[in-house]
Amino acid sequence: FVTEELSFLSLLEGGRESARFKVLQRAFGSLPKTFYTLFLSISGGLSWVDVCDPLTEISIWLGLLFMMYIALCLFCVLNIITGIFVEEAGRITAEDEDNMLIHEV
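Each residue of the sequence shown is one higher than the one before, starting from 4 at the first, in our numbering.
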C-alpha cells in the first residue's frame, strides 16, 4: 500500500523529488525495501520515529497504521519471550521438586 502511495505522491508532485519523497522512496520504494524497513523498525536497527514522521506528513492514518504495527509486533515479541522464560522456570521448578522428593526417600 505504501509503495503505491509513493507512486501517487510522485505523480502529484509532478515528478519532482522532494526530500520527503526521497526518504519515503528509500524506505518504501519497493516491497523488499518495505519489508526491510519494517524489520529494522521493530528490531532496533532503525528508529521507527524517523520512518513514521514522513508517513504522518502524507496522512495521519499511515502514521497510525505504522505505529499500530510497531506496537503489535513489540507486544507479541515481548509476550513470546516472557512465555518462554515462564515455561522454562516452571519446568526447572518441577524437576527440582522431583529431585528433592527422590533425595528425601
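Yeah, the Cβ is synthetic: ideal placement off N, Cα and C, and Gly gets one too.
Note that the structure is predicted; figures quoted are calculated from it, not measured.
*Measure the beta-carbon distance from A30 to V52 and round it to whole angstroms, keeping in mind my assumption that it falls under 8 Å.*
13 Å between Cβ atoms; not a contact.
*If E60 and R23 are in contact, beta carbons under 8 Å, what's the gap, nearest whole angstrom?*
Between E60 and R23 a beta carbon distance of about 6 Å is seen, short of the 8 Å cut, so the two are scored as contacting.
_Once DSSP output is grouped into helix, strand and coil, what is the label at G32?_
coil
*By how many angstroms is the C-alpha of L81 removed from the C-alpha of Y39?*
21 Å
*Looking at C-alpha atoms only, which residue of W64, K25, L75 is the closest neighbour of S44?*
L75
*asked:* Let me check understanding here. Comparing Cα to Cα, which of I87, E91, L41 lies closest to M71?
replied: L41
*Cβ-based neighbour list, I73, same chain, cut-off 7 Å, excluding 5 preceding and 5 following*: S44, I45, W51
*State buried or exposed for F78, treating a residue as buried only when at least 16 other CB atoms are found within 10 Å of its CB.*
exposed
*Got a sec: does the ligand COA put a non-hydrogen atom nearer than 7 Å to the Cβ of W51?*
This structure does not include the ligand COA; it has no bound ligands of any sort.
*In its own chain, which residues sit with a C-beta less than 8 Å from the C-beta of L119, not counting the 5 before and 5 after it?*
Examination of residue 119 is not possible in this model, given that the chain is present from 4 through 108 alone.
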